[in-house]
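Number 133 marks the last residue of the sequence shown (the working numbering); no jumps.
Yeah, the Cβ is synthetic: ideal placement off N, Cα and C, and Gly gets one too.
Nothing here was measured: the structure is a model prediction, and the numbers come from that model.
Worksheet: one structure, shown below.
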Amino acid sequence: HARPEQPELIGKLLRETQAHFYASTEFLNRHGRPKSAAELSRYDFIGFDQNERFLPIINALGLSLTLRNFKLSSGSGTVMEELIRHGLGIGMLTEDSASLYPELERALPSLPGVPVPIWLVTHRELHTSRRIRLVFDLLAQELGG
-11 HARPEQPELI GKLLRETQAH FYASTEFLNR HGRPKSAAEL SRYDFIGFDQ NERFLPIINA
49 LGLSLTLRNF KLSSGSGTVM EELIRHGLGI GMLTEDSASL YPELERALPS LPGVPVPIWL
109 VTHRELHTSR RIRLVFDLLA QELGG
């Protein structure tokens, strides 16, 4: 979700999506649906990798989260999705990911989303290998939205 900075990599921005806070319907039925950013800040969250890096971005949306809000975290996006789906807390997912799971709903629909760029990245061999170029172009076309 970031432009590659290494000189041996080539990236193409495919599109941008939005990330929002999601929770399972079961979690929200059990704990209630927050009505404001202040109320949402009192819930348990599922984090991804380096929570301290994302706190300023998240709190810019009007929340007042600290590391204590993150009861569980994972370096795996798949594990984080599963923790959210199984009702263990609220987490930030892209619209694309969350749409795959009917048991998820936005925790506070009025809260604005966070832009998430989607990059397709490959090594410089893109310029010298027809096969890599063919696959790269096909992926870019199909994933570009």
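Each residue's CA atom was taken as its position, placing glycine -1 and leucine 108 some 6 Å apart. Excluding residues up to 5 positions away in sequence, Ala25 lie with their Cβ nearer than 6 Å to the Cβ of glycine 50 in the same chain.
Arginine 121 and asparagine 17 have their C-alpha atoms spaced approximately 48 Å apart. Within a 10 Å sphere around the beta-carbon of leucine 55 sit fewer than 16 other beta-carbons, which makes this residue exposed. Close CB contacts of glycine 65 within its chain, under the 7 Å cut and outside five residues either way in sequence, are with Phe36 (chain order).
The alpha-carbon separation between arginine 3 and proline -8 amounts to approximately 15 Å. DSSP, reduced to helix, strand and coil, places leucine 81 within a strand of the structure shown. The straight-line gap separating the alpha-carbon atoms of isoleucine 34 and histidine -11 is approximately 19 Å. It is roughly 11 Å from the alpha-carbon of leucine 126 to the alpha-carbon of arginine 119. Cβ-Cβ separation between glutamate 91 and threonine 13: approximately 6 Å, consistent with a contact (criterion under 8 Å).
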